[in-house]
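Residue numbers (our numbering): 1363 to 2067. All C-beta atoms, glycine included, are put in the ideal place defined by N, C-alpha and C. Bear in mind that the values here come from a model prediction, so they are computed numbers and not experimental data.
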């Protein structure tokens, strides 16, 4: 048997041992240095990645690239963030504290190199990545501006001005290791000033979220917030405590976040300070009976003449879904000279689709009240519904809620008691109400939800079914002017008298359906109890949390499942009117806003399947599967609806209409889009693109073919 020489084997083992030991030592040194400037490194990497790699971040960069002051303010915020990361990491790594931490005890060339160059790399990283991203976006001037900022920051951090210098002295017996004697007074003054300015910005956002964030938009807010967190985290929680010979408090925010979370829930669903709306509402068949009778009395419904009845399902998708839904419905209304709205019986929506449906229904209510013609958004346009839908929704709704998330609501997370006024959900609802009030001139979205259908013309306004999801149980909870009874299986009625939601505004009802992950918080719903059982809220009864609502897309993202339930519920009424000689034609419209999406039909082709990356599959497979079922349940509901309609109504290919964004407009799921992205959606309603969508089929039905 062949024998290997013992000496080479021992030499290889010795070399491998030294390599592993050296690698382990470098790894420990890296970890020690990272923990010393934890906030600088972590937040700089997270913020950079969020802005330049995530689709929503890239869209926000497009948003600040539009003409105006947004880009200069953003570039200033990037500079502040970069300097904060450089300066705080420079101080925390430059100071050698008493103790046995590796970063304080080691004087290897590797540690000295990291001390010198890690802060410099953090100082130029954001502007460098933004230069590349703007170049890839086709924005050469903005890329050049970011490149100039990169060069200026690089020159500065390589040889900082005397203002940022700190007194140094050598450690006894060492010429390589440096130690700060103390922070200069002006350094402390600068730190305190930055923290005070952060609280000033917090107060401004808290006081006027929409107005402030129209100037300091989402990406700038993110940079300013991360700059203040970096300075506070590294220089107060780490540097100052180590200066006092105390342990680093870098983990303190996480501890407070976890410990206080049991007591500081400030996300109660907002309620108006007025009496609750009526708990008794008609069930779907009774409401349809009254709806049809009103049209028969007005002469719109005549025996023997086809009468289309539209049921709309609008898919979720943030402002993309809201804008597309409202534009599709508004174009149908404008092109039919107001007929479509009187034939639209119910609009089911999820998330952004709920907002689009609500805006359209509110415009119909304004029109029925004779107010739309004099609304600011409609005065100069013959297509007044489209003009008003555009004016209301073509806005930045991300910045107000992100401002609240990064400032008032972030401070709330570290307090042991709730501060309801700091709830970021209120910023989103305020932004919607403000957009409506500025464009239309009324307070429809701020009024109690049920008031939309009050008055003699209430039956002319389409019904809304706004779908949300209950966290504890995963069931639907539906806000509607129609009673949600057993016809909607496994669903809660948001206006049930045992649930304290009958005082919510239209904006709040929409937001409950559109509480997208983390941007909007889960809303806590309250109820009253008497004798241990739920009872209608009244003075003297115990009021406490009942459940939490989140985005309706968690249950099913198309809104079609609720339309299917509704169609089953109204079948007896449709048959009864048919027997009396009335030709009522139910038509289901699905408004999908997923770019390139098509409604599947029948058996899926294996060629359409995809294999996702197997990286960290043990960890990522379950959450990815759960997330992807969100879209799969939506397409399944659409397919099932087509199948059920073929059984319930006469065979007719135009009884199921699909309004999809048929071209890829690079529209991410977000609450803010750039003008060019909105323009891409607008173009889909122009010829020849609009010919691919079934607008003409709707008009033919409205005109009696």
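Of the candidates 2018, 1803, 1908, 1908 places its Cα closest to the Cα of residue 1854. One alpha carbon belongs to residue 1487, the other to residue 1785, and they sit about 33 Å apart.
Between the stretch 1787–1801 and the stretch 1811–1822, the count of C-beta pairs closer than 8 Å stays below three; the two stretches do not touch. Here the alpha carbons of residue 1725 and residue 1781 stand approximately 34 Å from one another. The Cβ-Cβ distance between residue 1882 and residue 1763 falls below 8 Å.
Straight-line spacing of the CA atoms in residue 1468 and residue 1384 works out to 13 Å. Residue 1814 and residue 1806 have their C-alpha atoms some 7 Å from each other. Around the beta carbon of residue 1607, fewer than 16 other beta carbons lie within 10 angstroms, which makes this residue exposed. By the beta-carbon neighbour count (other beta carbons within 10 angstroms, threshold 16), residue 1378 is exposed. Shown here, residue 1709 sits in a strand according to DSSP, grouped into three states. One thing to note: residue 1412 has its Cβ no nearer than 8 Å to the Cβ of residue 1448. Around the Cβ of residue 1728, a 10 Å sphere holds 16 or more other Cβ atoms; the residue is buried. Burial check for residue 1416: the Cβ neighbour count within 10 Å stays below 16, so the residue is exposed. The beta carbons of residue 1464 and residue 1390 sit about 6 Å from each other, so the pair counts as a contact at 8 Å.
Residue pairing of residue 2032 in beta bridges, as defined by DSSP: absent, with no partner found. In chain order, 1687, 1711, 1715, 1718, 1719, 1921, 1953 place their CB closer than 6 Å to the CB of residue 1676, counting only its own chain and leaving out the 5 sequence neighbours on each side. Taking 3 residues as the minimum length, the stretch 1388–1462 contains no beta strand (DSSP E) run wholly inside it. Assignment of beta-bridge partners to residue 1906 by DSSP yields 1889. The beta carbon of residue 1769 is closer than 6 Å to those of 1564, 1567 in its chain, skipping five residues each way along the sequence.
The Cβ-Cβ distance between residue 1445 and residue 1507 does not fall below 8 Å. Under DSSP, residue 1949 shares a beta bridge with 1672. In the DSSP assignment, residue 1749 falls within the unbroken alpha helix (DSSP H) covering 1746–1755.
The bridge partners DSSP lists for residue 1829 are 1712, 1840.
For residue 1896, the enclosing beta strand (DSSP E) covers residues 1895–1897. The C-alpha of residue 1753 lies about 54 Å from the C-alpha of residue 1604. In the DSSP assignment, residue 1912 forms a beta bridge with 1831. For residue 1485, no beta strand (DSSP E) segment is defined; the enclosing uninterrupted segment is the alpha helix (DSSP H) at 1471–1498.
Note that the C-beta distance between residue 1873 and residue 1789 is not below 8 Å.
Boundaries of the alpha helix (DSSP H) around residue 1591: 1580–1593.
CA-CA distance, residue 1409 to residue 1588, rounds to 8 Å. Between residue 1731 and residue 1750 a beta carbon distance of about 14 Å is seen, past the 8 Å cut, so the two are scored as non-contacting.
Ranked by Cα distance from residue 2047, the options 1387, 1425, 1748, 1759 are led by 1748.
Within its own chain, the residues whose Cβ lies closer than 6 Å to the Cβ of residue 2055, once the five positions on either side in sequence are excluded, are 2021, listed in chain order.
Counting every other CB atom within 10 Å of its CB across the protein chains shown gives residue 1779 a total below 16, marking it as exposed. When DSSP assignments are scanned along the stretch 1798–1825, no uninterrupted stretch of alpha helix (DSSP H) that is 4 or more residues long falls wholly within it.
Under the three-pair Cβ rule at 8 Å, the stretch 1841–1853 counts as touching the stretch 1636–1653.
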